[in-house]
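Read through the structure below, which is laid out as structure tokens, and then see the notes.
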Amino acid sequence: MSTIQVKDDNGVRIITFNRPDKRNALNLQMYTQLTEYLIQGESDNEIRAFMFRGQAQCFTSGNDVADFLKNSNLGVDHPAFRFLFCLLDLKKPVVAAVTGAAVGIGTTLLLHCDLVYADNTAKFQLPFVKLALVPEAGASLLLPQVVGHVKAAELLMLGESFDAKSAHQYGLINDVIANEDIFEFSLNQAKKLAQQPPISLQTTKQLMRYNKEAIRAQMEKELVEFGARLASDEAKSRFAAFLKK
Numbered sequence: 024m025s026t027i028q029v030k031d032d033n034g035v036r037i038i039t040f041n042r043p044d045k046r047n048a049l050n051l052q053m054y055t056q057l058t059e060y061l062i063q064g065e066s067d068n069e070i071r072a073f074m075f076r077g078q079a080q081c082f083t084s085g086n087d088v089a090d091f092l093k094n095s096n097l098g099v100d101h102p103a104f105r106f107l108f109c110l111l112d113l114k115k116p117v118v119a120a121v122t123g124a125a126v127g128i129g130t131t132l133l134l135h136c137d138l139v140y141a142d143n144t145a146k147f148q149l150p151f152v153k154l155a156l157v158p159e160a161g162a163s164l165l166l167p168q169v170v171g172h173v174k175a176a177e178l179l180m181l182g183e184s185f186d187a188k189s190a191h192q193y194g195l196i197n198d199v200i201a202n203e204d205i206f207e208f209s210l211n212q213a214k215k216l217a218q219q220p221p222i223s224l225q226t227t228k229q230l231m232r233y234n235k236e237a238i239r240a241q242m243e244k245e246l247v248e249f250g251a252r253l254a255s256d257e258a259k260s261r262f263a264a265f266l267k268k
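Positions in the sequence shown are counted from 1; adding 23 to them yields my numbering.
Below you can see the structure in the form of structure tokens.
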């Protein structure tokens with residue numbers, strides 16, 4: 024079965040991370056598929072909104088570390104970063120339904136979503152510094168804007184996990200939804216977006232993301248630093264311990 028599943032439902036393109044045996048860890052092939060499905064949906068007039076989800080037990084545990092290390096030649100054409108820049112450039116709105124682990128990219132991609140809902144099993148974490156890396160997806164700029172500088176410093180520098188109730192208090196998600204309702208509720212919210220006048224909706228999204236070029240510039244800075252950190256002895260030591268564990 025495909026590790027990225029796609030279903031179109033009443034104007035909503037539902038994109039499901041489907042690698043439960045690896046806790047939906049994203050490898051480079053999955054990033055390539057994600058980008059392709061987003062580009063296709065963006066150009067399809069029948070698709071008016073996107074929705075990300077995983078299974079009931081897990082959203083995504085982040086990058087597949089072993090696969091990432093085998094393909095560590097970073098740049099704007101790297102599959103992971105092509106996906107992130109594609110996400111930044113989307114005109115159509117994005118909804119996320121978060122269940123279980125949302126680690127690394129599982130949390131930072133939410134900063135590019137328009138509506139985010141989680142159930143009470145959701146656990147968010149930004150462990151970049153713990154792995155001797157730096158944030159990506161513009162998180163070093165966007166997270167302080169969303170949660171405030173001091174809270175962002177705590178979340179990024181300590182890299183400790185936090186639950187859905189805390190994420191809601193920080194303003195990172197819209198609401199906490201019951202486990203049994205999370206996917207249906209989130210899809211219904213996406214369908215509501217899909218029923219809105221599309222040009223007005225997309226223009227409103229663009230107006231709200233008034234600092235898009237600043238975000239792009241920050242993402243490019245992060246990419247340079249991420250590559251440098253990934254090649255460092257500090258990171259190699261942390262990753263070796265992580266893979267051994």
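A virtual CB, placed ideally from N, CA and C, is assigned to each residue, including glycine. Bear in mind that the values here come from a model prediction, so they are computed numbers and not experimental data.
- Contact annotation, Gln80 with Gly129: C-beta distance approximately 13 Å; criterion of less than 8 Å not satisfied.
- Counting only residues of its own chain and dropping the five nearest sequence neighbours on each side, Ala120 has a CB closer than 6 Å to the CB of Arg76, Tyr140, Ile205, Phe206, Ser209.
- Taking 7 Å as the cut-off, the beta carbon of Ala103 is found no closer than this to the beta carbon of Arg252.
- The region 212-227 and the region 26-36 touch, with no fewer than 3 CB-CB distances between them shorter than 8 Å.
- A contact between stretches requires three or more CB pairs, one per stretch, nearer than 8 Å, and the region 56-67 fails this requirement with the region 188-203.
- Between Pro43 and Gln78, the alpha-carbon positions lie close to 7 Å from each other.
- DSSP lists no bridge partner for Gly85.
- For Arg46, no beta strand (DSSP E) encloses it, and the DSSP letter there is neither H nor E.
- Under a 10 Å Cβ-count criterion, Thr83 is classified as buried, with 16 or more other Cβ atoms of the shown protein chains found around its own Cβ.
- Straight through space, the alpha carbons of Asn234 and Arg105 are spaced by roughly 20 Å.
- Collapsing the DSSP output to three states places Met53 in a helix.
- Rounded to whole angstroms, the separation of the alpha carbons of Thr226 and Pro116 is 10 Å.
- Look at the beta carbons and you see the region 189-199 touching the region 165-174: at least three pairs across the two are nearer than 8 Å.
- Looking at Asp137, Gly161, Leu132, the one whose alpha-carbon comes closest to that of Phe147 is Leu132.
- Within its own chain, the residues whose Cβ lies closer than 7 Å to the Cβ of Gln28, once the five positions on either side in sequence are excluded, are Thr39, Asn41, listed in chain order.
- The residue from Met242, Lys153, Ser189, Cys136 with its alpha-carbon nearest to that of Met74 is Cys136.
- Per the DSSP secondary-structure output, Lys146 pairs in a beta bridge with Ala124, Asp186.
- For Met231, the number of other beta carbons within 10 angstroms of its own is below 16, and it is reported as exposed.
- Its Cα nearest to that of Ala72, the residue Leu138 stands out among Leu138, Ala240, Ala176.
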